[in-house]
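Down below is the structure, laid out as structure tokens.
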Amino acid sequence: CCSLVPRVQGTSLRTYSVCSEQQLHLLEAVLNAYNNVTTTAKATDATDCLAKCQRVRCSAAVSVESNATCEMVTIATAKLSISADQVQQVIGSQVDAEVWKAEDTVWPSPAVQLRNSSTGRNGSIQSVLINTTGCYLIKAGGARGGGNLLRSTSGGQGVQVSARVNLTAGTQLSIVVGQMGGSMSLSYGGGGGSFVYRTVDQLLLLAAGGGGEAW
1 CCSLVPRVQG TSLRTYSVCS EQQLHLLEAV LNAYNNVTTT AKATDATDCL AKCQRVRCSA
61 AVSVESNATC EMVTIATAKL SISADQVQQV IGSQVDAEVW KAEDTVWPSP AVQLRNSSTG
121 RNGSIQSVLI NTTGCYLIKA GGARGGGNLL RSTSGGQGVQ VSARVNLTAG TQLSIVVGQM
181 GGSMSLSYGG GGGSFVYRTV DQLLLLAAGG GGEAW
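In terms of this note's numbering, the sequence shown opens at residue 1 and continues consecutively.
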């Protein structure tokens, strides 16, 4: 990935990286949650295009040197009232187009958070259906281990882990949220682990171990 920053002294600027693919697809989740406006200007080359892009703080730009054009996509952080002709799902479909994206731009889908809702061995495996193809950040934490009531000591903390996973629309994930180990005078136990796996083939995507029991 190649990065390019047109520098202007005393100005804080964004860094843009050229995309390996010729086209940049805006997912439906982005189009539904953000304001997306595309404008076109004349530009002699990619440097000229990105300089124009910097002035309007655009999130992505397409430079086409053969016809000296620069297509800029500006995405606001809140959905505004916009007309249908301002929304474009694919940019960079032109011949010899070069697509650049701001490195600090992230267009996240809505987050899903699952927590343990009970204690003990009994519980249910929760599930999430992926509606939009994209790259997802998954975080999981193992549960704390049980404490020793006689010594007033606490169990160990569970592990916190995260991973970025490419998922396609229609994928169902199964989530097991670990439970805290029991705290008592005797027979206290370790915390349960948390796991995320693909339901159809039980492919493990993420595992977070639980904390150890107190002594």
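Note that beta-carbon positions come from the ideal geometry of N, C-alpha and C, so glycine has one too.
### Message
Alpha carbons only, please: which of Cys58, Val56, Asp96 is nearest the one belonging to Ala68?
### Response
Here residue 68 refers to the residue found at position 68 of the sequence shown. When only C-alpha atoms are compared, the closest one is Asp96.
### Task
Express the C-alpha separation of Glu103 and Thr74 in angstroms, rounding to a whole number.
In the sequence shown, residue 74 corresponds to position 74, counting from 1. In the sequence shown, residue 103 corresponds to position 103, counting from 1. Thr74 and Glu103: Cα-Cα distance of roughly 14 angstroms.
### Query
Cα-Cα, which of Ala140, Asp48, Cys53, Leu173 is closest to Gln126?
Along the sequence shown, one-based indexing puts residue 126 at 126. Nearest C-alpha to Gln126 among Ala140, Asp48, Cys53, Leu173: Leu173.
### Query
Roughly how far, in whole angstroms, is the beta-carbon of Val161 from the beta-carbon of Ala208, given that I think they are within contact range, below 8 angstroms?
Indexing the sequence shown from 1 puts residue 161 at position 161. Indexing the sequence shown from 1 puts residue 208 at position 208. Going by Cβ atoms, the distance from Val161 to Ala208 rounds to 5 angstroms, so yes, they are a contact pair.
### Message
Quick check on DSSP: helix, strand or coil for Gly191?
### Response
On the sequence shown, position 191 is the one that residue 191 refers to. Residue state for Gly191 is assigned as coil, using DSSP reduced to three classes.
### Query
DSSP state of Ala46, grouped into three classes?
Position 46 of the sequence shown holds residue 46. When DSSP states are grouped into helix, strand and coil, Ala46 belongs to the helix group.
#### Entry: Which listed residue (Leu167, Arg144, Gly134) has its alpha carbon closest to that of Gly156
To locate residue 156, count along the sequence shown from 1; it is residue 156. Measuring C-alpha to C-alpha distances from Gly156 to each of Leu167, Arg144, Gly134 identifies Arg144 as the nearest.
### Query
With burial defined as no fewer than 16 other Cβ atoms inside 10 Å of the residue's Cβ, what is the status of Gln54: buried or exposed?
On the sequence shown, residue 54 is found 54 positions in, with the first residue counted as 1. Here Gln54 is buried, its C-beta having at least 16 other C-beta atoms within 10 Å.
### Message
Taking the alpha carbon of Cys58 as the reference point, which residue from Gly192, Thr171, Cys49 has its own alpha carbon closest?
### Response
Mapped onto the sequence shown, residue 58 falls at position 58. The option with the nearest alpha carbon to Cys58 is Cys49.
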